[in-house]
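Student: Dropping the structure in here first, questions after.
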Amino acid sequence: MRIQKLIAECSHYSRRSAEKLILEGRVTVDALPATIGQIVSLDSEVCIDLQRLDTRHRLRNKKEREVFVLDKRIGEVCTRSDEKKRPTVFERLPPVKSGRWIMVGRLDINTSGLLIFTNDGEYANYLMHPKSNIRRTYHVTLRGILTEKKIKSLIEGVQLEDGVSSFEQIHVKTQKEKGCIAQVTTTSGRNRIVRRLFQSQNLTVVRLRRISYGSIKLG
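If you use this note's numbering, the sequence shown corresponds to residues 2 to 220, in order.
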């Protein structure tokens, strides 16, 4: 099977989008750069942005799967309806052709950014399952000084009330006297994990925005 066809059948990307990813050098096959038209099998290790493509969820008819990416606003809640009459993310979704929208993970009311919706329950479970190890990347504004010692602790792992957790990467963009702006990546989807990790280091998250989930990114 040609690689762009496999990518199209195992992800939300079209064949044309898959070709663009390949030309941009974002696709590898068995740890080597992919080429357009390359022949691969379901056993090949195909990665997009270093994230392995799950070929177990290949669709016979990809038209059955719908995926919608929403840029969540601060103040919106991640529920279908809200007793307090607050705006919900589901109010801004387009009609689904078949089935119903399933939200992949959630963001708290004070967090903005990327949310994924699909009508494919198996695909949603794959995206959310801890064993999938899918990277989530956030842009975060902090109150407090993010020292090298704190960065080391957050990378190596800290003990939280529900177990040890960590960031895979921390990139400090701006460091000021009373705070900083950073970009962090984690594979954990646990509740409020970014806020709790920084809180463990006596740092307060002032603003939090998710900018990517695996190979899916906000434009």
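Cβ atoms here follow ideal geometry from the backbone N, Cα and C, with glycine treated the same way.
When you compare each of Glu162, Arg93, Val68, Thr112 to serine 99 by their alpha carbons, which one comes out closest?
Tutor: Closest in C-alpha terms to serine 99, from the list Glu162, Arg93, Val68, Thr112, comes Val68.
Student: From which residue to which residue does the beta strand (DSSP E) around leucine 54 run?
Tutor: Element bounds for leucine 54: n/a, residue is neither H nor E.
Student: Three or more C-beta pairs closer than 8 Å, one from the segment 173-182 and one from the segment 122-136: is that the case here?
Tutor: Cβ pair count under 8 Å is below three, so no.
Student: Using the three-state DSSP reduction, which class does leucine 155 fall into: helix, strand or coil?
Tutor: helix
Student: Would valine 105 pass as a contact of phenylalanine 91 if the rule is Cβ separation under 8 Å?
Tutor: no
Student: Please report the straight-line C-alpha distance between asparagine 203 and glycine 145, rounded to a whole angstrom.
Tutor: 8 Å
Student: For lysine 73, which residues does DSSP report across the bridge?
Tutor: Gly114, per the DSSP bridge assignment.
Student: Can you name the residues that DSSP bridges to methionine 104?
Tutor: Partner(s): Phe118.
Student: Anyone know if the C-beta pair for serine 216 and isoleucine 37 falls short of 8 Å?
Tutor: no
Student: In this structure, does DSSP put arginine 61 in helix, strand or coil?
Tutor: In this prediction, arginine 61 has a pLDDT of 47, which is less than 50 and means its spatial position is unreliable; nothing more can be read from the coordinates.
Student: Between the alpha carbons of arginine 247 and leucine 108, how many angstroms are there, rounded?
Tutor: Residue 247 is absent from the model: the chain starts at 2 and stops at 220.
Student: From the DSSP output, read off the bridge partner residues of leucine 7.
Tutor: Answer by DSSP bridge pairing: none, since leucine 7 is not bridged.
Student: Report all residues from its chain with a CB closer than 8 Å to the CB of arginine 61; omit the five preceding and five following residues, and keep chain order.
Tutor: With a pLDDT of 47 at arginine 61, under the threshold of 50, the modelled position of this residue cannot be trusted; read the value that follows with caution. Closer than 8 Å at Cβ, skipping near neighbours: no residue.
Student: With 16 as the cutoff for other CB atoms within 10 Å, does histidine 13 come out buried or exposed?
Tutor: buried
Student: Which residues share a DSSP beta bridge with alanine 35?
Tutor: According to DSSP, which records beta bridges pairwise, alanine 35 is partnered with nothing at all.
Student: In three-state DSSP terms, what is isoleucine 146?
Tutor: In the structure shown, the three-state DSSP call for isoleucine 146 is coil.
Student: Considering only DSSP beta bridges, list what aspartate 218 is partnered with.
Tutor: The amino acid at residue 218 is misidentified as aspartate; the sequence shows lysine. For lysine 218, which the question treats as bridged, DSSP gives the partners Ser213.
Student: Using only alpha-carbon positions, find the residue among Tyr139, Leu7, Ser154, Phe199 that is nearest to serine 45.
Tutor: Leu7
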